[in-house]
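Asks: In this text, residue positions in the sequence shown follow the working numbering: the first is 493, and each later residue adds one. Where is the CB? At the ideal position from N, CA and C, for every residue including glycine. Bear in mind that the values here come from a model prediction, so they are computed numbers and not experimental data. Before I ask anything, let me first share the structure, which is written out below as structure tokens.
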Amino acid sequence: MYFFSKKDPIVGIIFFGVMGTGVVSTFVSHSHLAFKIIMLFGLLYVSSFWFGTSYKIDDQEIKIKSGPFTTIVPIKEINRIRKIKTLQSAPALSFDRIAVDWGKNNSVIISPREKEEFIRVLKEKNRRIKIDKNLFPKEVVGE
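Structural data, given as structure tokens:
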């Protein structure tokens, strides 16, 4: 199954506001062509995160794609899914975030748009995953 990242408008404003301001000021100030090209590539790079952050669940793993970066999480090794409040950089475009913990000390912060469905699919594939009680009512997570 394929899940897109939830997107908060404030995150979009931060992403594109900063880069857009830089690009506009570069062109208004008559900067060198090389600097204009660098700024445009920067805008494309930032856009790759905004339009390219997703989470794909197959039988064995979650493939987390964010811009040019990919993280693989083996589903059988997932221990816990918990609610998290952090501003830490992560493949999440929303402040409504969850942490997926796997192995001994591995964790990734994500923000799937359909969080309940995302967790339900993972629980079907690995019943041992513990779900943070603050995320949903028991009916949703099947405990």
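Spell out the partners DSSP gives leucine 585 in its beta bridges.
Replies: Here residue 585 is taken as the residue at index 93 of the sequence shown, counted from 1. Looking at the DSSP assignment, leucine 585 forms a beta bridge with Lys499.
Asks: Around the C-beta of phenylalanine 495, are 16 or more other C-beta atoms found within 10 angstroms, so that it is buried, or is it exposed?
Replies: Position 3 of the sequence shown holds residue 495. With a threshold of 16 other beta carbon atoms within 10 Å, phenylalanine 495 meets it and is buried.
Asks: How far does the beta strand (DSSP E) with arginine 574 in it extend, from its first residue to its last?
Replies: If you number the sequence shown from 1, residue 574 lands on position 82. First-last of the beta strand (DSSP E) with arginine 574: 570 to 576.
Asks: Given glutamate 635, which residues of its chain have a CB within under 6 Å of its CB, disregarding the five upstream and five downstream residues?
Replies: Mapped onto the sequence shown, residue 635 falls at position 143. Only weak support is given to the placement of glutamate 635: the predicted model assigns it a pLDDT of 48, under 50, and the question is left unresolved by the model.
Asks: Judging by CA-CA distance, which residue of Ile590, Lys568, Val600 and Asp593 is the nearest neighbour of threonine 562?
Replies: As a working mapping, residue 562 is identified with position 70 in the sequence shown. Comparing Cα-Cα distances from threonine 562 to each of Ile590, Lys568, Val600 and Asp593, the minimum goes to Val600.
Asks: Along the chain, where does the beta strand (DSSP E) containing isoleucine 621 start, and where does it finish?
Replies: Working through the sequence shown from its first residue, we reach residue 621 at position 129. Where isoleucine 621 is concerned, there is no enclosing beta strand (DSSP E), given that its DSSP letter is neither H nor E.
Asks: To the nearest angstrom, report how far apart asparagine 571 and glycine 559 are at their CA atoms.
Replies: Working through the sequence shown from its first residue, we reach residue 571 at position 79. Working through the sequence shown from its first residue, we reach residue 559 at position 67. Our two residues, asparagine 571 and glycine 559, have alpha carbons roughly 26 Å apart in a direct line.
Asks: When burial is assigned at 16 or more other CB atoms within 10 Å of the CB, is valine 633 buried or exposed?
Replies: Here the question's residue 633 lines up with position 141 in the sequence shown. Only weak support exists for where valine 633 lies, its pLDDT of 48 falling under 50; the coordinates are left without a value.
Asks: Which residue wins for smallest C-alpha separation from isoleucine 602, given the options Met493, Gln552, Glu553 and Ser546?
Replies: Taking the first residue of the sequence shown as 1, we reach residue 602 at position 110. When each option's Cα is compared against that of isoleucine 602, the closest is Ser546.
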